[in-house]
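Taking it in order: structure first as structure tokens, then the write-up.
Protein chains: 2
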Amino acid sequence: MARENNITISDVAAMSGVSIATISRILNNKGNVKEETRKKVMAVIQSVDTNGTLLSKFKKQNGNLIIAVVTNDANPLISPFINGVNTCANSKGFHVLQYNCFNNAYDRIEFEYMIKELPVAGFIFQQIVGGSELTDFIAARFPTVVSFEQYQTENISSVGIDDYAAVKSAVEYLITLGRKKIALLNGDLSMPFTVRREQGFLDALKQAGIPVCPEYITHISVSDFNYNLARNAARQILSMPDPPDAFFAITDTFAAAVLKEAKHLGISVPQDLAIIGFDNTDVSTMTDPAITTVNQPCYEIGYQSCNILIDKINDPSLASRQVWVNSEFIVRDSTQ
Amino acid sequence: MARENNITISDVAAMSGVSIATISRILNNKGNVKEETRKKVMAVIQSVDTNGTLLSKFKKQNGNLIIAVVTNDANPLISPFINGVNTCANSKGFHVLQYNCFNNAYDRIEFEYMIKELPVAGFIFQQIVGGSELTDFIAARFPTVVSFEQYQTENISSVGIDDYAAVKSAVEYLITLGRKKIALLNGDLSMPFTVRREQGFLDALKQAGIPVCPEYITHISVSDFNYNLARNAARQILSMPDPPDAFFAITDTFAAAVLKEAKHLGISVPQDLAIIGFDNTDVSTMTDPAITTVNQPCYEIGYQSCNILIDKINDPSLASRQVWVNSEFIVRDSTQ
Numbered sequence: 001m002a003r004e005n006n007i008t009i010s011d012v013a014a015m016s017g018v019s020i021a022t023i024s025r026i027l028n029n030k031g032n033v034k035e036e037t038r039k040k041v042m043a044v045i046q047s048v049d050t051n052g053t054l055l056s057k058f059k060k061q062n063g064n065l066i067i068a069v070v071t072n073d074a075n076p077l078i079s080p081f082i083n084g085v086n087t088c089a090n091s092k093g094f095h096v097l098q099y100n101c102f103n104n105a106y107d108r109i110e111f112e113y114m115i116k117e118l119p120v121a122g123f124i125f126q127q128i129v130g131g132s133e134l135t136d137f138i139a140a141r142f143p144t145v146v147s148f149e150q151y152q153t154e155n156i157s158s159v160g161i162d163d164y165a166a167v168k169s170a171v172e173y174l175i176t177l178g179r180k181k182i183a184l185l186n187g188d189l190s191m192p193f194t195v196r197r198e199q200g201f202l203d204a205l206k207q208a209g210i211p212v213c214p215e216y217i218t219h220i221s222v223s224d225f226n227y228n229l230a231r232n233a234a235r236q237i238l239s240m241p242d243p244p245d246a247f248f249a250i251t252d253t254f255a256a257a258v259l260k261e262a263k264h265l266g267i268s269v270p271q272d273l274a275i276i277g278f279d280n281t282d283v284s285t286m287t288d289p290a291i292t293t294v295n296q297p298c299y300e301i302g303y304q305s306c307n308i309l310i311d312k313i314n315d316p317s318l319a320s321r322q323v324w325v326n327s328e329f330i331v332r333d334s335t336q
Numbered sequence: 337m338a339r340e341n342n343i344t345i346s347d348v349a350a351m352s353g354v355s356i357a358t359i360s361r362i363l364n365n366k367g368n369v370k371e372e373t374r375k376k377v378m379a380v381i382q383s384v385d386t387n388g389t390l391l392s393k394f395k396k397q398n399g400n401l402i403i404a405v406v407t408n409d410a411n412p413l414i415s416p417f418i419n420g421v422n423t424c425a426n427s428k429g430f431h432v433l434q435y436n437c438f439n440n441a442y443d444r445i446e447f448e449y450m451i452k453e454l455p456v457a458g459f460i461f462q463q464i465v466g467g468s469e470l471t472d473f474i475a476a477r478f479p480t481v482v483s484f485e486q487y488q489t490e491n492i493s494s495v496g497i498d499d500y501a502a503v504k505s506a507v508e509y510l511i512t513l514g515r516k517k518i519a520l521l522n523g524d525l526s527m528p529f530t531v532r533r534e535q536g537f538l539d540a541l542k543q544a545g546i547p548v549c550p551e552y553i554t555h556i557s558v559s560d561f562n563y564n565l566a567r568n569a570a571r572q573i574l575s576m577p578d579p580p581d582a583f584f585a586i587t588d589t590f591a592a593a594v595l596k597e598a599k600h601l602g603i604s605v606p607q608d609l610a611i612i613g614f615d616n617t618d619v620s621t622m623t624d625p626a627i628t629t630v631n632q633p634c635y636e637i638g639y640q641s642c643n644i645l646i647d648k649i650n651d652p653s654l655a656s657r658q659v660w661v662n663s664e665f666i667v668r669d670s671t672q
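Quick mapping for you: the protein sequence lines, in order, are chains A and B.
Read in the working numbering, the first sequence has 56 at position 56, and its numbers run on one by one without any break.
Read in the working numbering, the second sequence has 473 at position 137, and its numbers run on one by one without any break.
Printed below as a string of structure tokens:
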């Protein structure tokens, strides 16, 4: 009977045959529910929620004003993103606190503490940091949004760019420049966005009739997403007997690593090697040449993520949503 | 009588003539206090703490396990720093949550909410983000550490490098290379660390008998600490009829901005212009040439900040401390 401690509104819906929206109205005392339905639902809850966990969660809900943002702080997009979340949250009377999943690993004790002791109303995840097991666990209990992703389930909304199309367009641009030996420096495929970006890369090549060279594709563990690993990976690929003439890198930092290694090896950029990064961080304009990249509207992603989260907090009956925002391709000297 | 709501242990100490350490022992029921003293202190508290604010704060203290870290997320040192804080906190049963002061401005409502509603045991500030008014306000109520600073008051401990000596040594190194026209790109002087770094700069010149050229010194508002502003500032100085032959920049990002503008103006680095940055972030190795810089041990600063904070939480009678950690000067190609 361990399940009793983790009873959710979805369980009650399944057992009573009453919709989640109606159960929410009952627990929030919002009226518009037949007395017969109310009695049926409360009977189910009393039979399974013996610890009162579900009820106390709902009783506390009106006072739950914290939006917990789960991030991997190593990501330079976080600052404008959190600023967007804050702006939206504060305008609606919510408060934002940030929890860092270092190396994308989460500490279960931390989350149990947060859920039990703090008046958290909802969660925003930067991508699925901590892994899908964590986001699913949280989403079964709290309104949840995943940002910088298109990751939708029954319980999870998301806000992000079209990663597939953004990468496909960027690679098509390289092809129009006459490049045919195109390498990819990607994160590992444990994250939905890395999978979609890789698919965009592969489809661009396929549609142009360019065979994929598996040796040109490298995956760096997302738990170890750093500049030095990217330099090692770039050095290996650029040192091949038949090196690529273009590189698509999953972040500007990785693109800077490719550029650095190309210079060390005497490879001219962009003449012998075109390089495209991702994110339009300051790094992409600091290097010489500056790096062609894809801009994500981080502030807007943060603002919209918070906005749909608060809608869901205020009305748990709302279905999950998938919000797409526009990315922008920025051509600089690394691909001329 | 508005003051009654903000009564602090310091007020009780002043009014009762009993030390803060003793009052802490009384409120924490730690014994070793004469009954006569205890009665005197409790009488003072009962007369001034009519709302019970002080008492309820102390009663809750054993359950207060959150360490709130107040940061300005735009700073690239934050990730390893928070990692250090987390590691120490988790090993001692505390939980870390982060609050962002964007543009170094804080929202009073946010802090009032945090203090009132969350079981916060202590605060760590990244420098004095939010301003000294905020740190002083918090430090009067909670154990408080300021990190990346030497900022000590009766209530505030700090953990940081010796900013003065680090900058003085770096500028002395430029002088040994034969540079005499040395520019400074600093933050504004609202922060203790920018003041100390500027003093190190000025003293290095003074001791070498090099006159200070005020036109070579620029201050960028710390509320607007960004790459593009630094580029504008660097462009102005490098376009002077008699430009500098060396630049000390307060961050690697600013040093990268100086390098970028030098290249645009056809100034060779390091031949015509030597450049030194600060922080040893990835940026300092991404540029070409790589930038000479000063490393701060961010993880260690985070770990030690949390460690002395928890000591103080566990024993409020401890005096504030000033912990110095070692910086490291790293010579790269921008100053050969």
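Backbone N, C-alpha and C fix where the C-beta goes; we use that ideal spot for every residue, glycine too.
Quiz item: Residues of chain B with CB under 9 angstroms from A:Asn-90, in chain order?
Solution: Your numbering for residue 90 of chain A matches position 90 in the first sequence. Neighbours of A:Asn-90 on chain B, chain order: Asp-443, Ile-445, Glu-446.
Quiz item: Looking at B:Ile-497 and B:Asn-662, is the spacing between their C-beta atoms short of 8 angstroms?
Solution: Within the second sequence, residue 662 of chain B is the residue found at index 326, counting from 1. Within the second sequence, residue 497 of chain B is the residue found at index 161, counting from 1. Yes. Within cutoff.
Quiz item: So with Cβ pairs under 8 angstroms, would you call B:Glu-340 a contact of chain A?
Solution: To locate residue 340 of chain B, count along the second sequence from 1; it is residue 4. In this prediction, B:Glu-340 scores a pLDDT of 42, lower than 50, which makes its location untrustworthy; no coordinate-derived value is stated.
Self-check item: Cα-Cα separation between A:Tyr-113 and A:Met-191, rounded to whole angstroms
Solution: On the first sequence, residue 113 of chain A is found 113 positions in, with the first residue counted as 1. On the first sequence, residue 191 of chain A is found 191 positions in, with the first residue counted as 1. Distance between the alpha carbons of A:Tyr-113 and A:Met-191: 26 angstroms.
Quiz item: How would you write the range of the beta strand (DSSP E) that A:Ser-157 sits in, first residue to last?
Solution: Indexing the first sequence from 1 puts residue 157 of chain A at position 157. Note, A:Ser-157: beta strand (DSSP E), 156–160.
Quiz item: Looking only at DSSP bridge pairs, what is B:Asn-631 linked to?
Solution: Walking along the second sequence from the start, residue 631 of chain B turns up at place 295. According to DSSP, which records beta bridges pairwise, B:Asn-631 is partnered with B:Asp-615, B:Glu-664.
Quiz item: Cβ of A:Thr-37 less than 8 angstroms from any chain B Cβ?
Solution: The sequence position of residue 37 of chain A within the first sequence is 37, counting from 1. With 8 angstroms as the cut-off, A:Thr-37 does not count as an interface residue toward chain B.
Quiz item: Would a C-beta distance cut-off of 8 angstroms place A:Ala-230 and A:Leu-189 closer than the cut-off?
Solution: As a first step, residue 230 of chain A is located in the first sequence; it is residue number 230 there, counting from the start. As a first step, residue 189 of chain A is located in the first sequence; it is residue number 189 there, counting from the start. Cβ atoms of A:Ala-230 and A:Leu-189: not closer than 8 angstroms.
Exercise. Mind checking which residues open and close the beta strand (DSSP E) that includes A:Gly-338?
Key: A query on residue 338 of chain A cannot be resolved here, the shown segment of chain A reaching from 1 to 336 and no further.
Practice problem: Would you kindly check if the distance between the Cβ of B:Ser-483 and the Cβ of B:Gly-638 is under 8 angstroms? | Solution: Your numbering for residue 638 of chain B matches position 302 in the second sequence. Your numbering for residue 483 of chain B matches position 147 in the second sequence. Yes.
Practice problem: Could you check the C-alpha separation between B:Thr-423 and B:Phe-417 for me, to the nearest Å? | Solution: As a first step, residue 423 of chain B must be located in the second sequence, where it is residue number 87. As a first step, residue 417 of chain B must be located in the second sequence, where it is residue number 81. Cα to Cα, the separation comes out at about 10 angstroms.
Quiz item: Which residues in the same chain have their Cβ closer than 6 angstroms to the Cβ of A:Ser-24, if we skip the five residues on either side of it in sequence?
Solution: On the first sequence, position 24 is the one that residue 24 of chain A refers to. If we look at A:Ser-24 and ignore the five residues flanking it on each side, its Cβ neighbours are Pro-316, Ser-317.
Quiz item: Do you know how far the Cα of B:Ser-346 is from the Cα of B:Ser-352?
Solution: Here residue 352 of chain B refers to the residue found at position 16 of the second sequence. Here residue 346 of chain B refers to the residue found at position 10 of the second sequence. B:Ser-352 and B:Ser-346: Cα-Cα distance of roughly 10 angstroms.
Exercise. Report the three-state DSSP secondary structure of A:Ile-9 (helix, strand or coil).
Key: For the purposes of this step, residue 9 of chain A is taken as the residue at position 9 of the first sequence. Note: A:Ile-9 maps to helix in three-state DSSP.
Quiz item: From A:Gln-337 to A:Pro-143, what distance separates their C-alpha atoms?
Solution: As shown, chain A starts at 1 and ends at 336. That puts residue 337 of chain A outside it, with no answer to give.
Quiz item: Count the other CB atoms within 10 Å of the CB of A:Asp-224; is the residue buried (16 or more) or exposed (fewer)?
Solution: On the first sequence, residue 224 of chain A is found 224 positions in, with the first residue counted as 1. Around the beta carbon of A:Asp-224, a 10 Å sphere encloses fewer than 16 other beta carbons of the protein chains shown; the residue is thus reported as exposed.
Exercise. Would you kindly report the start and end of the unbroken beta strand (DSSP E) that includes B:Ile-460?
Key: On the second sequence, position 124 is the one that residue 460 of chain B refers to. Counting along the chain, the beta strand (DSSP E) containing B:Ile-460 begins and ends at 456–462.
Self-check item: Proximity test, Cβ basis, 8 angstroms: B:Asn-422 and chain A
Solution: For this step, residue 422 of chain B is matched to residue 86 along the second sequence. Nearest CB-CB separation between B:Asn-422 and chain A: below the 8 angstroms threshold.
Exercise. Name, in chain order, the residues that DSSP records as bridge partners for B:Val-405.
Key: The residue labelled residue 405 of chain B in the question sits at position 69 within the second sequence. Under the DSSP definition of a beta bridge, B:Val-405 partners with B:Gln-434, B:Ile-460.
Quiz item: Nearest chain B C-beta to A:Pro-352 closer than 8 angstroms, yes or no?
Solution: Within the shown structure, residues of chain A are numbered from 1 to 336, placing residue 352 of chain A beyond reach of any answer.
Practice problem: May I ask you to verify whether the segment 623–633 of chain B touches the segment 589–608 of chain B, counting CB pairs closer than 8 angstroms and requiring at least 3? | Solution: The segment 623–633 of chain B vs the segment 589–608 of chain B: in contact.
Quiz item: Rounded to the nearest angstrom, how far is the Cβ of A:Leu-174 from that of A:Ile-276, given a contact under 8 angstroms?
Solution: Here residue 174 of chain A refers to the residue found at position 174 when the first sequence is read from its first residue. Here residue 276 of chain A refers to the residue found at position 276 when the first sequence is read from its first residue. That pair is a contact at about 7 angstroms.
Quiz item: Would you say B:Lys-596 faces chain A, with C-beta separation under 8 angstroms as the test?
Solution: Taking the first residue of the second sequence as 1, we reach residue 596 of chain B at position 260. With 8 angstroms as the cut-off, B:Lys-596 counts as an interface residue toward chain A.
Exercise. Can you say whether B:His-431 is buried or exposed, counting buried as having 16 or more other CB atoms within 10 angstroms of its CB?
Key: Start at 1 with the first residue of the second sequence, and residue 431 of chain B comes out as number 95. Its Cβ being crowded by 16 or more others within 10 Å, B:His-431 is buried.
Quiz prompt | Near-chain A residues of the segment 472–487 of chain B (beta-carbon distance less than 7 angstroms), N- to C-terminal order | solution = From the segment 472–487 of chain B, no residue has a Cβ closer than 7 angstroms to chain A.
Quiz item: Whose C-beta lies closer than 6 angstroms to the C-beta of A:Lys-180 among residues of the same chain, with five residues either side of it excluded?
Solution: In the first sequence, residue 180 of chain A corresponds to position 180, counting from 1. Cβ-Cβ distances below 6 angstroms link A:Lys-180 to Ile-210 in the same chain, with the five nearest sequence neighbours on each side left out; the list follows chain order.
Quiz item: CA-CA distance, B:Gln-658 and B:Ser-468?
Solution: Reading the second sequence from its first residue, position 322 is the one you call residue 658 of chain B. Reading the second sequence from its first residue, position 132 is the one you call residue 468 of chain B. When rounded, the distance between both Cα atoms is 17 angstroms.
Self-check item: Any chain B beta carbon closer than 8 angstroms to A:Gln-98
Solution: The count along the first sequence starts at 1 and reaches residue 98 of chain A at position 98. A Cβ of chain B is located within less than 8 angstroms of the beta carbon of A:Gln-98.
Exercise. Give a yes or no on whether 8 angstroms exceeds the smallest Cβ distance from B:His-431 to chain A.
Key: On the second sequence, position 95 is the one that residue 431 of chain B refers to. With 8 angstroms as the cut-off, B:His-431 counts as an interface residue toward chain A.
Quiz item: Taking three-plus beta-carbon pairs below 8 angstroms as touching, is the segment 571–591 of chain B in contact with the segment 547–555 of chain B?
Solution: Verdict: yes, contact present.
Self-check item: Sequence-distant residues of its chain with Cβ nearer than 7 angstroms to A:Tyr-106 (five each side left out)
Solution: Your numbering for residue 106 of chain A matches position 106 in the first sequence. So the list reads Gly-130, Leu-134, once near-sequence residues are dropped.
Quiz item: Is the Cβ-Cβ distance between B:Ala-457 and B:Asn-411 less than 8 angstroms?
Solution: Taking the second sequence and counting its residues from 1, the one referred to as residue 457 of chain B is at position 121. Taking the second sequence and counting its residues from 1, the one referred to as residue 411 of chain B is at position 75. Taking C-beta atoms as the reference points, B:Ala-457 and B:Asn-411 fail to come closer than 8 angstroms.
Quiz item: Taking only beta-carbon atoms, is A:Ile-275 less than 8 angstroms away from chain B?
Solution: Within the first sequence, numbered from 1, the residue matching residue 275 of chain A stands at position 275. Under the Cβ distance rule, A:Ile-275 does not count among the residues neighbouring chain B, no pair being separated by less than 8 angstroms.
Practice problem: With a 10 Å radius around its C-beta and 16 neighbouring C-beta atoms as the bar for buried, classify A:Asn-228 as buried or exposed. | Solution: Counting from one through the first sequence, the residue named residue 228 of chain A turns up at place 228. Here A:Asn-228 is exposed, its C-beta having fewer than 16 other C-beta atoms within 10 Å.
Exercise. Would you check if the distance between the CB atom of B:Ser-656 and the CB atom of B:Gln-486 is smaller than 8 angstroms?
Key: Along the second sequence, read from residue 1 onward, the residue named residue 656 of chain B stands at position 320. Along the second sequence, read from residue 1 onward, the residue named residue 486 of chain B stands at position 150. Against a cut-off of 8 angstroms, the Cβ pair of B:Gln-486 and B:Ser-656 comes out as no contact.
Quiz item: Between which two residues does the alpha helix (DSSP H) harbouring A:Phe-254 extend?
Solution: Along the first sequence, one-based indexing puts residue 254 of chain A at 254. Taken as a continuous stretch (DSSP letters only), the alpha helix (DSSP H) holding A:Phe-254 covers 252–264.
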